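For reference, the structure discussed in these notes is given below.
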Amino acid sequence: MGTRTALVIDDEADIRNYISSILEEHGWTVQTASTAEEGERLVRENRPEVILLDLVMPGQGGIQLFARLRGDEGTSTIPLIMVTGIKEQLNIDWKEIVTRFKTRAPDGFIEKPIDPTRLAQLVENVVSRPERGLQVA
Amino acid sequence: MPFFRRLALRRKIILIVLAILAAHSVLGFLALHGILGRLALTGGPEWHRQAAIVEIIYLAVLGALTGVAWLVTRRLIGRLTRPVAELTHLADEISVGNLEVEFRFGRHVRCWEIKSCQEAACPAHGSTAVQCWYVDGTPCKGVEPRFPQKLTQCRGCEVYQAHRGDEIVQLADAFQHMTKRLRDSQAELLRAERLAATGETVAVVSHSIKNILDSLMGGIYVYRRGRRLDDEKLRRTGWDMVERNLGAISELVRNLLDFSRVRQPFLEPCDPARMLAEVVELHRERAEAAQVDLGVRCSDGLGRVYVDVHAMFHSLVNLVSNALDAVPPDRPGKVELAVSQDGDRLVFSVSDNGKGMSPEVQAKLFKGMFSTKGSKGTGLGLLAVQKAVREHAGTMEVTSEPGAGTTFRISLPLVTALPKNGMLAASPDEGQAGDRPGGGITYAQVPRTGTDSQVETPQDSPAATLG
Chain A
1 MGTRTALVID DEADIRNYIS SILEEHGWTV QTASTAEEGE RLVRENRPEV
51 ILLDLVMPGQ GGIQLFARLR GDEGTSTIPL IMVTGIKEQL NIDWKEIVTR
101 FKTRAPDGFI EKPIDPTRLA QLVENVVSRP ERGLQVA
Chain B
138 MPFFRRLALR RKIILIVLAI LAAHSVLGFL ALHGILGRLA LTGGPEWHRQ
188 AAIVEIIYLA VLGALTGVAW LVTRRLIGRL TRPVAELTHL ADEISVGNLE
238 VEFRFGRHVR CWEIKSCQEA ACPAHGSTAV QCWYVDGTPC KGVEPRFPQK
288 LTQCRGCEVY QAHRGDEIVQ LADAFQHMTK RLRDSQAELL RAERLAATGE
338 TVAVVSHSIK NILDSLMGGI YVYRRGRRLD DEKLRRTGWD MVERNLGAIS
388 ELVRNLLDFS RVRQPFLEPC DPARMLAEVV ELHRERAEAA QVDLGVRCSD
438 GLGRVYVDVH AMFHSLVNLV SNALDAVPPD RPGKVELAVS QDGDRLVFSV
488 SDNGKGMSPE VQAKLFKGMF STKGSKGTGL GLLAVQKAVR EHAGTMEVTS
538 EPGAGTTFRI SLPLVTALPK NGMLAASPDE GQAGDRPGGG ITYAQVPRTG
588 TDSQVETPQD SPAATLG
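Same order as they appear, the protein sequences are chains A and B.
For what it's worth, this note's numbering labels the leading residue of the first sequence as 1, then goes sequentially.
For what it's worth, this note's numbering labels the leading residue of the second sequence as 138, then goes sequentially.
What follows is the structure in structure tokens.
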């Protein structure tokens with residue numbers, strides 16, 4: 001269990017700390033990135049088992065990074081969970097995004113405020129059964 | 138009889154009368170001239186003189202009668218065309234945006250007087266300007282309460298007829314109704330805009346509170362985990378998260394209050410250099426942690442000035458906080474606060490060598506709640522600064538270059554003696570500026586010259602006024 005690695009990409013240090021702490025509590029080794037660029041580099045270098053990506057970030061936002069990771073054969077199969085603070089963002093037209101970027105939707109969503117138990121459960125579900133499609137915590 | 142037919146008939150009658158009068162006058166003059174000529178042949182020179190006098194008197198009377206006829210005609214035509222001219226004038230007023238116009242022509246009757254109506258609930262009751270047919274949704278003896286149908290049916294109403302039941306009054310009624318609808322629509326649009334702005338504010342603030350709460354919960358979670366694992370580092374991290382986010386929520390509430398409160402600046406004596414030093418002191422720890430060189434530059438000889446200390450202190454706190462956020466961690470950061478006197482102005486500035494902003498981003502800065510900090514920001518802080526500056530009858534400029542940095546420059550009227558009531562006169566454009574975000578704010582994209590801490594604004598810089 002201790003070798004499982006997760007990558008948390010969020011511009012807010014406190015949220016990175018919070019999510020990292022929850023995942024570490026459940027046996028994950030966590031890496032963090034504060035920007036989309038840094039996150040992309042870490043994904044390619046370390047190929048984590050799961051990525052938790054903030055939807056709203058300054059500069060290159062979460063959606064652009066999501067599209068790039070999904071569009072690349074080397075990273076497209078890594079389970080990816082979107083973290084969002086706005087409920088309405090769950091209603092983003094993923095069909096349109098998926099069509100536009102010719103890719104598949106994220107594997108999971110979690111809305112802030114983050115419930116530690118639900119987050120841990122979601123990560124387990126997404127990693128163990130990615131074929132279930134979009135999962136929301 | 139309808140107005141235009143009556144107008145046409147009157148013009149015809151007047152023209153015929155004038156033509157008969159003219160023909161009669163010419164014939165009469167010729168007949169008189171003939172009679173007098175014959176008499177003069179038999180009467181000698183004395184008769185000649187008297188005939189000439191009679192002809193002159195006749196021509197004078199004829200001239201006077203023609204003049205009177207012309208004046209009467211002109212007056213009659215004027216009375217008939219004046220309402221049209223008035224309507225044209227009112228239409229011009231409306232076209233330039235003045236909707237507070239009212240058509241007042243003809244005999245103004247009041248239905249509540251003619252019908253002795255005591256229905257105080259009727260919008261037309263007691264009104265000197267409104268008849269019931271102007272008002273949608275006011276049933277009058279079962280008349281359909283929609284304006285067009287109502288107007289059609291009201292033409293049979295005794296009050297309407299007393300008011301003058303011709304086309305010009307009907308046109309005026311339609312005109313009056315149209316302007317009322319325009320006024321109502323404009324008010325409705327304003328309400329909708331305010332509601333939308335409130336909705337946007339609530340959404341952004343809620344989102345921000347949610348983020349802060351999440352980080353607070355995170356802090357508590359991390360602290361507890363540290364306690365459980367007896368890990369001092371985790372406990373410290375968790376506690377720092379709690380402290381930081383309590384500060385963030387307190388800052389959010391303060392900005393919200395500053396932004397929403399309508400107030401006049403309360404001027405107090407202040408040493409600007411000391412105020413800047415306090416702002417720096419408040420951010421010293423954060424700047425050191427981020428390895429940012431935070432400094433102050435004050436002009437010599439700047440004595441005691443009067444400003445709203447609370448508002449300006451928090452404005453500078455907001456700008457310095459933004460500047461620290463703008464400095465990327467991958468290079469030596471520099472943030473400088475400065476204060477100086479420029480003629481009769483007191484000028485504060487906050488400069489950083491951070492990420493800078495593109496012209497597109499700058500254009501969005503003061504248009505509603507916009508932040509370059511993603512989920513970390515609300516844009517509320519800058520709006521609160523803008524409001525404080527406006528309350529001081531001051532101006533704010535931002536110069537920025539992507540990758541090089543940003544300077545916010547606040548220019549206030551220099552007040553060295555306390556006004557009698559301790560308050561500043563409102564900014565001349567405050568009324569307008571208060572209605573539109575960005576009012577009174579100018580920005581310019583200017584290449585940085587000189588050192589990092591000194592920003593020069595070339596005379597030919599492409600400055601523009603926002604809003």
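No residue lacks a Cβ here, since even glycine has one placed at the ideal position from N, Cα and C.
All values derive from a computational prediction rather than experimental measurement.
Start and end residues, alpha helix (DSSP H) containing residue i
i: B:V526; result: L517 to E528
i: B:G375; result: E369 to S397
i: A:L23; result: A13 to E25
i: B:Q401; result: Looking at the DSSP string, B:Q401 is not in any alpha helix (DSSP H), and its letter there is neither H nor E.
Environment of residue i [buried if 16+ CB atoms lie within 10 Å]
i: B:H161; result: exposed
i: B:H170; result: exposed
i: B:R398; result: exposed
i: B:S537; result: buried
i: B:N382; result: buried
i: B:D479; result: exposed
i: B:G440; result: exposed
i: A:R129; result: exposed
i: B:S352; result: buried
i: A:E111; result: buried
i: B:E528; result: buried
i: B:G516; result: buried
i: B:V442; result: buried
i: B:E253; result: The identity of residue 253 of chain B in the sequence shown is Ser, whereas the question assumes Glu. It is exposed - the Cβ of B:S253 has fewer than 16 other Cβ atoms within 10 Å.
i: B:T225; result: exposed
i: B:G165; result: exposed
i: B:V339; result: exposed
i: A:D14; result: buried
Partner residues on chain A for residue i, Cβ-Cβ distance less than 8 Å
i: B:M354; result: Y18, P113 and I114
i: B:R381; result: D14
i: B:T374; result: N17
Residues bridged to residue i [DSSP beta-bridge criterion]
i: B:S488; result: B:E473 and B:T544
i: A:E111; result: A:T84
i: B:D479; result: B:R482
i: A:E45; result: Paired residues: none, contrary to the question.
i: B:V442; result: B:C407
i: A:L122; result: Answer by DSSP bridge pairing: none, since A:L122 is not bridged.
i: B:D430; result: B:K471
i: B:L549; result: B:L483
i: B:C435; result: B:V476
The beta strand (DSSP E) enclosing residue i, as first and last residue numbers
i: A:R70; result: Segment G62 to G71 is the alpha helix (DSSP H) holding A:R70; no beta strand (DSSP E) there.
i: A:I51; result: V50 to D54
i: B:M533; result: T532 to E538
i: B:T218; result: No beta strand (DSSP E) contains B:T218, which is instead part of the alpha helix (DSSP H) from P182 to S232.
i: B:P406; result: E405 to C407
i: B:V498; result: Looking at the DSSP string, B:V498 is not in any beta strand (DSSP E); the run it does join, the alpha helix (DSSP H), is P496 to K501.
i: A:L7; result: T5 to I9
i: A:Q31; result: T29 to A33
7 Å CB neighbourhood of residue i in its chain, flanking five on each side removed
i: A:L42; result: L7, Q31 and A33
i: A:P116; result: I22
i: B:L431; result: V417, H420, R421, A424 and V472
i: B:P465; result: G491 and K492
i: B:D408; result: R441
Neighbouring residues, chain A, relative to residue i (Cβ below 9 Å)
i: B:D351; result: E12, D14, I15, Y18, G85, K112, P113 and I114
Beta-carbon neighbours of residue i, restricted to chain B and to distances below 8 Å
i: A:I22; result: Y358
i: A:E25; result: R362
Residue i: CB within 7 Å of a non-hydrogen atom of the ligand ADP
i: B:A426; result: As for the ligand ADP, it is missing from this structure, which has no ligand bound.
Chain E residues whose Cβ lies nearer than 9 Å to that of residue i
i: B:M378; result: In the displayed structure, chain E is absent; the protein chains listed are A and B.
Other residues of its chain near residue i: CB distance less than 8 Å, five sequence neighbours each side excluded
i: B:L236; result: T316, L319, R320 and Q323
i: B:T210; result: I151 and L155
i: B:A448; result: D395, P402, A525, E528 and H529
i: B:R362; result: D368, L371 and G375
Same chain, Cβ closer than 6 Å to residue i, neighbours up to 5 away in sequence not counted
i: B:G470; result: V429 and V464
i: B:R400; result: none
Amino acids of chain B, ordered along the chain, whose beta-carbon sits closer than 7 Å to that of residue i
i: A:E49; result: In chain order: nothing, as chain B lies at least about 22 Å away.
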